[in-house]
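Chains as they are written, first to last, in full-length UniProt numbering: chain A, 1 to 366; chain B, 1 to 365.
As structure tokens, this is what we get:
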């Protein structure tokens, strides 16, 4: 630990932008609007802004924690060991690994569910899920640089579809739906903020990929830019969905972004949403691979487990879990459990580590 | 190194998956029946469903097949119709749904709900109401050799006629949205021919009132740019016994709404700017000077204002809100309450101001 990672595996600072963006934006982008509008209605944009700002603060804390480590190039595995001792540190590391794998599984399962419902309601999902698992294995075993490459492509593929969206549906937008402003109580906005925070989970992989970034001081701005673009993407899709659907309609729509796309018609392609869902595979692949790679890497650092072995075990676990978490209701329950744990992780664990780092610095400088 | 092995292994895993997944769920277009238009009627408290299936047996020639079934509910339409067809019926390309008058009066909510949950139903689906039986109107389209005859009729009338724009998405928008009601195109048959004869206004999901195709222009003008809409306006002739008529064709228009008061007697003002051309004018009207034109403009404005007022009071008396007044008040008032507004709706005051501009009157003098 603490050793310099060879240039063969590192990426330049700008790539951190794609990593952070991709780790935040996942399948939830298809459905988050309904969840936050349910509580805060016309004011739900406020909750995105609040969560966005809080994540900027957390990213700032993460950089503070990581750059303060004495042997440079530390990651959360070594930090946990040195801050909490062998026993607690190792259990924390195991918890983080489980958390990362669970996050990857939730993305994997939710994507398959969307595909099943929208495109192939009758199809047996096993061939598709095995195909996806094969792709994941291939990407993760390719190492960090491969994953960053996939992140880059997934960023552009999504941008390509979602940025022209507002222009194409202009006729159907009702700006009146955004008003009145500030019509909801602080409690309602807090509920919606809580729901929105789920959709930002993932950026904490920063704690693990940090040593793989060259010139870390320069990478800060890219990480923040990644968070900012994710926030802008969420805001844009929220505003479009709110103006496109009436509120009652939005609350009955499980995947507002996909419904929106289904209005568009281009020559030869009557159902554009099928195509976008297929391209979405790249996005999901990047997402899952990033989490699994982080999990394998943490295992390697804490127990010297070979990544290939742990990866196969994890993928086998995916197959096994797919038996147990089969329907929409179970997926929702699994997602909720995962998300709530994630919230504790980012809003409690990271600040605690930050405070310890800060105290340590004080003690040393005294 | 190991990477070659990884790639080989990945290919070994991926290839069979591709083969397996490409073979399941295959639907080839000339081996299925595409249900493109559908109709629902009430028949002795049972639902009669009708579909039109288009078959492209020869190039550029479509034969339309009609299938009917009667059932306890609208939900088992497809399985029941399948027992009458030799190919699998697919409804992913359904573009038109017509409701019979009894069905529309009883409420089309169940259909709207079930369609909105179905990912196969496109947002661009068109819907309509028939004066009597939907199946009768659908049957009348068979000789046109176009299984989407009604949909095309609706879309062309939205582009170049009086019909305001709508589709399945906007219908759901108004149906589920607070403070709005939707409307559907209304069809009648006239000596075996189908005619678009206005719009049917709905309260919640029930058909309660009808507006003729002439007055539909007012609705178009109030909801969107009324480009291409036309409106016949009676003028008091010189001998004042007989009316002369002017045909006004809208070039562009814009309606803006303002809330004046939102307490127990709500009030709004609507101001409409419209540019129109008047091509055919009777001999009694002379348009020689600017003054003549503005006299005509005033007369047209007055008629439009009167008709708009009539339309709004019709909406109030029938308790329908196709223009979304409730939504307007919702966007301007905090803690808006739908029930309160519904109660006050009939007393709502609307002030209408119309600013009409005649821009061209044909190429001859």
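Each residue gets a CB set at the ideal place from its N, CA and C atoms; glycine is no exception. Just so we're clear, the structure is a prediction, and the values are computed from it rather than from any experiment.
query = Between the C-alpha atoms of residue 174(B) and residue 323(A), what's the straight-line distance to the nearest angstrom?
reply = 41 Å
*Please check if any C-beta of chain A sits within less than 8 Å of the C-beta of residue 262(B).*
no
| Per DSSP, residue 185(B) forms a beta bridge with which residues? | 199(B)
Grab the span of the alpha helix (DSSP H) containing residue 99(B) for me, first residue to last. Element bounds for residue 99(B): not the alpha helix (DSSP H) but the beta strand (DSSP E), 96-99.
Cα-Cα separation between residue 1(B) and residue 308(A), rounded to whole angstroms:
Low local confidence applies: a pLDDT of 46 at residue 1(B) is under 50, so the model's placement there is unreliable, with the coordinate-based value given in what follows. Taking the straight line joining both Cα atoms gives about 14 Å.
**Request:** For residue 118(A), go through chain B and note every residue whose CB falls closer than 9 Å to its CB, in chain order.
**Result:** 119
Exercise for review: Could you tell me if residue 128(A) is buried or exposed, where buried requires 16 or more neighbouring beta carbons within 10 angstroms of its beta carbon?
Suggested key: buried
Query - residue 125(B), DSSP secondary structure in three states - result: coil
Interface residues of chain A around residue 355(B) at Cβ under 7 Å?
-> Residues of chain A passing the Cβ test: none, with the nearest at roughly 22 Å.
- Query: Who are the Cβ neighbours of residue 14(A) in its own chain at under 6 Å, not counting the five residues just before and after it?
  - Reply: 222
Tell me whether the segment 291-309 of chain A and the segment 323-338 of chain A touch, counting them as touching only if at least three CB pairs, one residue from each stretch, are closer than 8 Å. no
Could you check whether the Cβ of residue 243(A) sits closer than 8 Å to any Cβ belonging to chain B? no
* Asked: For residue 299(B) versus residue 235(B), is the C-beta spacing smaller than 8 Å?
  -> yes
May I ask you to list, following chain order, the residues of the segment 257-275 of chain A that have a beta carbon less than 8 Å from some beta carbon of chain B? 259, 262, 263, 265, 270 and 271
- Query: From 295(B), 163(B) and 169(B), pick the residue whose C-alpha is nearest to that of residue 154(B); which is it?
  - Reply: 163(B)
| query | Between which two residues does the beta strand (DSSP E) carrying residue 255(B) extend? | reply | 243-261
Inset, instruction - Would you kindly work out how many angstroms separate the C-alpha atoms of residue 189(B) and residue 49(B), rounded to a whole number? - result: 19 Å
**Prompt:** Under the DSSP definition of a beta bridge, which residues are partnered with residue 46(B)?
**Reply:** 43(B)
Neighbour-count burial assignment, residue 160(A), 16 or more Cβ in a 10 Å radius: exposed
Looking only at its chain, what residues have a beta carbon closer than 8 Å to the beta carbon of residue 344(B), apart from the 5 residues adjacent to it on each side? 264, 265 and 266
Query raised in the report: Which residue from 166(B), 53(B), 306(B) and 281(B) puts its Cα closest to that of residue 142(B)?
Result: 53(B)
| field | Endpoints, the beta strand (DSSP E) within which residue 166(B) is located | value | It is not in any beta strand (DSSP E) - residue 166(B) carries neither H nor E in the DSSP assignment.
Which residue wins for smallest C-alpha separation from residue 113(A), given the options 295(A), 254(A), 349(A) and 269(A)? 254(A)
Check: CB-CB under 7 Å to residue 68(A), same chain, minus the five flanking residues each way: which ones, in chain order?
Finding: 357 and 361
**Q.** Residue range of the unbroken beta strand (DSSP E) whose run includes residue 66(B)
**A.** 61-71
### Residues of its chain near residue 107(B), where Cβ-Cβ distance is below 6 Å and the 5 sequence neighbours each way are ignored
205 and 206
Contact the segment 79-96 of chain A vs the segment 229-241 of chain A: 3+ CB pairs below 8 Å
no
Q.
My assumption, with CB atoms under 8 Å, is that residue 169(A) sits in contact with residue 111(A). Please give the rounded CB distance.
A. That belief does not hold up - the Cβ atoms of residue 169(A) and residue 111(A) are roughly 24 Å apart, past 8 Å.
Open item on the list: Given a cut-off of 8 Å on the beta-carbon distance, is the pair residue 95(B) and residue 138(B) in contact?
Closed with: no
Bridge-paired residues (DSSP) for residue 230(B): 249(B)
| task | Measure from the C-beta of residue 229(B) to each C-beta in chain A and report whether the shortest distance is under 8 Å. | result | no
### Task
Return no unless some Cβ of chain B is closer than 8 Å to the Cβ of residue 2(A).
In this prediction, residue 2(A) scores a pLDDT of 45, lower than 50, which makes its location untrustworthy; no coordinate-derived value is stated.
| Under 7 Å from any heavy atom of the ligand ZN, does the C-beta of residue 339(A) make it? | Only the bare structure without any ligand can be found here, which leaves the ligand ZN out of the picture.
ask   = Is the beta carbon of residue 41(B) sitting closer than 8 Å to the one on residue 131(B)?
value = no
When the cut-off is 8 Å and only beta carbons count, does residue 214(A) lie next to chain D?
Reference to chain D is not applicable here, since the protein chains of this structure are A and B.
Original post:
Near residue 202(A), what residues of its chain come up, given a Cβ to Cβ distance below 6 Å and the 5 sequence neighbours on each side ignored?
Top reply: 23 and 24
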